[in-house]
Amino acid sequence: MDEIYAAAAAAFGLILDLDPDLGEIVVLSLRVSLTAVALATAIGLPLGAAIALFRFPGRRTMAVVLNALMGLPPVVVGLIVYLMLSRAGPFGVFGLLYTPGAMIVAQCLLIAPIIAALTRQVVEDLWAEYEEQLRSLGAGPGRAMATLLRDGRFSLVTVVLAGFGRASAEVGAVMIVGGNIDHLTRVMTTAIALETSKGNLALALGLGFILMTLALGVNAAAFVIKDVAQRRQG
Amino acid sequence: MTAGQPLAETAPILPLELDRVSFEAGGRRLIEEITLTFEAGPRTLILGPNGAGKSLLLRLCHGLLRPTTGRVIWRGPGAALGPGGPTRRQAMVFQRPVMLRRSAAANVAYALSVNGVRWKDRRALVGEALERVGLARLAERPARVLSAGEQQRLALARAWALQPEVLFLDEPTANLDPAASHAVERIINGFHQAGTKIVMTTHELGQARRLADEVLFLHWGRLVERSPADSFFTQPRTPEADAFVRGELLWPCAPPPEEA
Ligand SMILES: Nc1ncnc2c1ncn2[C@@H]1O[C@H](COP(=O)(O)OP(=O)(O)OP(=O)(O)O)[C@@H](O)[C@H]1O
Ligand SMILES: [Mg+2]
Numbered sequence: 000m001d002e003i004y005a006a007a008a009a010a011f012g013l014i015l016d017l018d019p020d021l022g023e024i025v026v027l028s029l030r031v032s033l034t035a036v037a038l039a040t041a042i043g044l045p046l047g048a049a050i051a052l053f054r055f056p057g058r059r060t061m062a063v064v065l066n067a068l069m070g071l072p073p074v075v076v077g078l079i080v081y082l083m084l085s086r087a088g089p090f091g092v093f094g095l096l097y098t099p100g101a102m103i104v105a106q107c108l109l110i111a112p113i114i115a116a117l118t119r120q121v122v123e124d125l126w127a128e129y130e131e132q133l134r135s136l137g138a139g140p141g142r143a144m145a146t147l148l149r150d151g152r153f154s155l156v157t158v159v160l161a162g163f164g165r166a167s168a169e170v171g172a173v174m175i176v177g178g179n180i181d182h183l184t185r186v187m188t189t190a191i192a193l194e195t196s197k198g199n200l201a202l203a204l205g206l207g208f209i210l211m212t213l214a215l216g217v218n219a220a221a222f223v224i225k226d227v228a229q230r231r232q233g
Numbered sequence: 000m001t002a003g004q005p006l007a008e009t010a011p012i013l014p015l016e017l018d019r020v021s022f023e024a025g026g027r028r029l030i031e032e033i034t035l036t037f038e039a040g041p042r043t044l045i046l047g048p049n050g051a052g053k054s055l056l057l058r059l060c061h062g063l064l065r066p067t068t069g070r071v072i073w074r075g076p077g078a079a080l081g082p083g084g085p086t087r088r089q090a091m092v093f094q095r096p097v098m099l100r101r102s103a104a105a106n107v108a109y110a111l112s113v114n115g116v117r118w119k120d121r122r123a124l125v126g127e128a129l130e131r132v133g134l135a136r137l138a139e140r141p142a143r144v145l146s147a148g149e150q151q152r153l154a155l156a157r158a159w160a161l162q163p164e165v166l167f168l169d170e171p172t173a174n175l176d177p178a179a180s181h182a183v184e185r186i187i188n189g190f191h192q193a194g195t196k197i198v199m200t201t202h203e204l205g206q207a208r209r210l211a212d213e214v215l216f217l218h219w220g221r222l223v224e225r226s227p228a229d230s231f232f233t234q235p236r237t238p239e240a241d242a243f244v245r246g247e248l249l250w251p252c253a254p255p256p257e258e259a
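Protein sequences appear in the order of chains Y and F.
Numbering that gives the first Met the number 0 puts the first residue of the first sequence at 0, with every later residue one more than the last.
Numbering that gives the first Met the number 0 puts the first residue of the second sequence at 0, with every later residue one more than the last.
Printed below as a string of structure tokens:
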């Protein structure tokens, strides 16, 4: 027990001292996950909205596939991205493997389907409510889509936050494609895994505490945003 | 489209002609070969018991539904501009109007913006429309927290701002208290006086008596009777209309459409 208390005390020491190693890991984690979320949102939001709104061949199949992809195991995504980016793979020439770029690609692939599938749900529900009214007012498909994304924006923010939560908490994919290289591709989750196995509990606990705070904060923000919007807009 | 111009000055889209229009859904024929013409001028009220097909008929006229057979044709010279679907010259107020998640004023402004009215022209039109329905005071309130009666009036303001040539109204006073109903009826008459053709459903006989110039009576998806308002209420020509005017419920004893 004493050992754990000591580790916890040391962990808080690291955080309060703004330990440079810890800081570096946190900053890289945020950079990777935020970039991945931005990319995944740029892909997933329009894709989900298009599947919800437009009738085109293969639309239902796409919806089913997206929903299935939400459950992709991170390690498998890591493996696929590894194969794609490795020397022999189709994108080997870019030399991305074991760089933050590879981790961004992996996290993006992991959460783009989540964002697209949840967006489709939000937009479809809203469209069911709005369709006749918008058509009656004379809104064309493009205008209707913009209106739905705008009026669904609070729900969509929580969708994006869900994607961020998933990206920042995942270990398997970034471990495989990033390699957990010190000062280069070491992020919070991989560092926790490594430091724990090495017995360096202080750093692991410090990072764990930050990661947990981040996750709780994101979820709380998602809830508050929705709640406030509900109360204000009805 | 010239933004901000009074639309009454452009070529009319009326008359509206329905040519043997029928509508099927779920394997059932819900509207039976209706042929009729709506002319500019008289306020047309569509009456009929629940489930008669009043809302469906309005949606078919407005262009939200495509008839299974038959055609909906706008005969006026102004109709050549936009074929098919709802265009700016017609508006509809739904049985349950949908308000966007923004302020009352922004809801009206949205309708104008969709129809190409420029930003600087919108403000005045929005203000005037809200004034018209007595909602100026609530302009900045989120539309979805307004009461049912206020939302119904906001839907009318949205339509008013568009200055439509034809306005379809689907039971605009259902669920409203008498004072709110009267307010809505006054607004509808305001449209009429401004030259907008009113096509409206209701199942309130008193309201129909107050507003109607002519009556269409629907039953089981059929157009059973079309009469001037005076004669419809005093001497209905069909037994169904007669029973309806006397306040007898029609649907429990009437034959289902399959057997008819
Ligand atoms: N999409 C649909 N699929 C199947 N049946 C439908 C559909 N839409 C309407 N109906 C049926 O068509 C009939 C007429 O519906 P409609 O809504 O036009 O009635 P209404 O005259 O407006 O009635 P109310 O006075 O209750 O508003 C009803 O029996 C309804 O159940
Ligand atoms: Mg109805």
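Note that beta-carbon positions come from the ideal geometry of N, C-alpha and C, so glycine has one too.
Within 9 Å (strictly less), CB to CB, does F/P11 reach chain Y? Stepping through the second sequence from its first residue, residue 11 of chain F is reached at position 12. It does not; no Cβ of chain Y falls within 9 Å.
From F/R100, F/A193, F/R136, F/R131, residue whose alpha carbon lies closest to that of Y/Y129: Numbered from its first residue, the first sequence carries residue 129 of chain Y at position 130. Taking only the C-alpha atoms, the option nearest Y/Y129 is F/R100.
Buried or exposed, going by whether 16 or more other CB atoms sit within 10 Å of the CB of F/S180? In the second sequence, residue 180 of chain F corresponds to position 181, counting from 1. With 16 or more other Cβ atoms within 10 Å, it is buried.
Out of curiosity, what's the CA-to-CA distance linking Y/P89 and Y/M83? Counting from one through the first sequence, the residue named residue 89 of chain Y turns up at place 90. Counting from one through the first sequence, the residue named residue 83 of chain Y turns up at place 84. Y/P89 and Y/M83: Cα-Cα distance of roughly 6 Å.
How big is the Cα-Cα spacing for F/E130 and Y/L160? Here residue 130 of chain F corresponds to residue number 131 of the second sequence, with the count starting at 1. Here residue 160 of chain Y corresponds to residue number 161 of the first sequence, with the count starting at 1. Cα to Cα, F/E130 sits roughly 42 Å from Y/L160.
Minimum Cβ-Cβ distance from Y/R165 to chain F less than 9 Å: Residue mapping note: residue 165 of chain Y aligns to position 166 of the first sequence, counting from 1. Chain F, which has no Cβ nearer than 9 Å to the Cβ of Y/R165, makes this no.
For a contact meaning CB atoms closer than 7 Å, what does F/H61 contact in chain Y? Numbered from its first residue, the second sequence carries residue 61 of chain F at position 62. Residues of chain Y passing the Cβ test: S135.
Counting only beta-carbon atoms, is Y/Q232 nearer than 9 Å to chain F? Position 233 of the first sequence, counted from the first residue, corresponds to residue 232 of chain Y. Judged by the 9 Å Cβ criterion, Y/Q232 is in contact with chain F.
Paired residues, beta bridge with F/K196 - DSSP: Taking the second sequence and counting its residues from 1, one reaches residue 196 of chain F at position 197. Paired residues: F/V165.
Short CB-CB distance (under 9 Å) between Y/T34 and chain B: The chain inventory of the structure shown lacks chain B, comprising the protein chains Y and F.
Using the beta-carbon count (16 or more within 10 Å), is F/K196 buried or exposed? On the second sequence, position 197 is the one that residue 196 of chain F refers to. Burial is judged here by how many other beta carbons sit within 10 angstroms of a residue's own beta carbon; F/K196 has at least 16 and is buried.
Could you give the residue range of the beta strand (DSSP E) that holds F/S226? Here residue 226 of chain F refers to the residue found at position 227 when the second sequence is read from its first residue. Per DSSP, F/S226 belongs to the beta strand (DSSP E) from 221-227.
Give the residues whose C-beta lies closer than 5 Å to at least one heavy atom of ligand 1, in chain order. F/A24, F/G25, F/L29, F/N49, F/G50, F/A51, F/G52, F/K53, F/S54, F/L55
Proximal chain F residues relative to Y/A138, where beta-carbon distance stays under 7 Å: To locate residue 138 of chain Y, count along the first sequence from 1; it is residue 139. Correct list: V113.
Thinking C-alpha only, which one of Y/L108, Y/S28, Y/V92, Y/T118 is nearest Y/L213? For this step, residue 213 of chain Y is matched to residue 214 along the first sequence. It is Y/S28 whose Cα lies nearest to the Cα of Y/L213.
By how many angstroms is the C-alpha of Y/I24 removed from the C-alpha of Y/L52? Taking the first sequence and counting its residues from 1, the one referred to as residue 52 of chain Y is at position 53. Taking the first sequence and counting its residues from 1, the one referred to as residue 24 of chain Y is at position 25. The C-alpha of Y/I24 is placed about 41 Å away from the C-alpha of Y/L52.
Looking at F/L161: is its Cβ nearer than 9 Å to the Cβ of F/N114? Within the second sequence, residue 161 of chain F is the residue found at index 162, counting from 1. Within the second sequence, residue 114 of chain F is the residue found at index 115, counting from 1. Yes.
Chain Y contact residues for F/P177, given Cβ-Cβ distances below 8 Å: Looking up residue 177 of chain F in the second sequence gives position 178. Here the premise fails: no neighbours, minimum Cβ distance about 26 Å.
If we call anything under 9 Å between Cβ atoms a contact, is F/L55 one with F/I72? As a working mapping, residue 55 of chain F is identified with position 56 in the second sequence. As a working mapping, residue 72 of chain F is identified with position 73 in the second sequence. Contact flag unset, no.
What does the Cβ neighbour count give for F/R185, buried or exposed, with the cut at 16 atoms within 10 Å? Stepping through the second sequence from its first residue, residue 185 of chain F is reached at position 186. Under this definition F/R185 is an exposed residue.
For F/A158, which of F/A178, F/M199, F/V92 has the nearest alpha-carbon? Within the second sequence, numbered from 1, the residue matching residue 158 of chain F stands at position 159. The shortest Cα separation from F/A158 among F/A178, F/M199, F/V92 belongs to F/V92.
For F/A110, decide whether its Cβ has a neighbour in chain Y, counting only Cβ atoms nearer than 9 Å. Start at 1 with the first residue of the second sequence, and residue 110 of chain F comes out as number 111. F/A110 counts as touching chain Y.
Are the segment 39-59 of chain F and the segment 8-26 of chain F in contact at 8 Å, needing three or more beta carbon pairs? yes
What do you reckon, are the CB atoms on F/L13 and F/L215 nearer than 9 Å? Residue 13 of chain F sits at position 14 when you count from the first residue of the second sequence. Residue 215 of chain F sits at position 216 when you count from the first residue of the second sequence. Contact flag unset, no.
Kindly indicate which residue of F/H218, F/Q192, F/F231 has the alpha-carbon position closest to the one of F/R208. Indexing the second sequence from 1 puts residue 208 of chain F at position 209. With respect to the C-alpha of F/R208, the residue from F/H218, F/Q192, F/F231 having the closest C-alpha is F/F231.
From this set, Y/Y81, Y/Q232, Y/G164, Y/L202, which residue's C-alpha is nearest Y/L15's C-alpha? Residue numbering aside, residue 15 of chain Y sits at position 16 when the first sequence is read from its first letter. Per the Cα distances, Y/L202.
In three-state terms, what does DSSP make of F/A142? Taking the second sequence and counting its residues from 1, one reaches residue 142 of chain F at position 143. F/A142: helix per DSSP, three-state reduction.
Return yes when the Cβ of Y/S32 is within less than 9 Å of the Cβ of Y/F163, no when it is not. As a working mapping, residue 163 of chain Y is identified with position 164 in the first sequence. As a working mapping, residue 32 of chain Y is identified with position 33 in the first sequence. Cβ distance < 9 Å, so Y/F163 and Y/S32 count as in contact.
Considering Y/I79, what are the terminal residues of the alpha helix (DSSP H) in which it resides? Working through the first sequence from its first residue, we reach residue 79 of chain Y at position 80. Unbroken alpha helix (DSSP H) run through Y/I79: 73-84.
Between the alpha carbons of F/H202 and F/A39, how many angstroms are there, rounded? Reading the second sequence from its first residue, position 203 is the one you call residue 202 of chain F. Reading the second sequence from its first residue, position 40 is the one you call residue 39 of chain F. Near 23 Å, if we compare the C-alpha coordinates of F/A39 and F/H202.
Do three or more CB pairs link the segment 125-142 of chain Y to the segment 210-230 of chain Y at distances below 8 Å? Counting Cβ pairs under 8 Å, fewer than three are found: no touch.
Which same chain residues end up closer than 7 Å to Y/L193 when comparing Cβ atoms and leaving out the 5 residues on each side of it in sequence? Counting from one through the first sequence, the residue named residue 193 of chain Y turns up at place 194. Around Y/L193: N179.
Taking the beta strand (DSSP E) that F/A90 belongs to, which residues open and close that run? Taking the first residue of the second sequence as 1, we reach residue 90 of chain F at position 91. Residues 89-92.
Is there a C-beta anywhere in chain F that falls below 9 Å from the one on Y/T146? One-based indexing of the first sequence puts residue 146 of chain Y at position 147. Yes - at least one Cβ of chain F is within 9 Å of the one on Y/T146.
Beta carbon proximity, Y/D150 to chain F, threshold 9 Å: Position 151 of the first sequence, counting from 1, holds the residue named residue 150 of chain Y. Yes - at least one Cβ of chain F is within 9 Å of the one on Y/D150.
Could you have a look at Y/V186 and say whether DSSP puts it in helix, strand or coil? As a first step, residue 186 of chain Y is located in the first sequence; it is residue number 187 there, counting from the start. Here Y/V186 sits in coil by DSSP.
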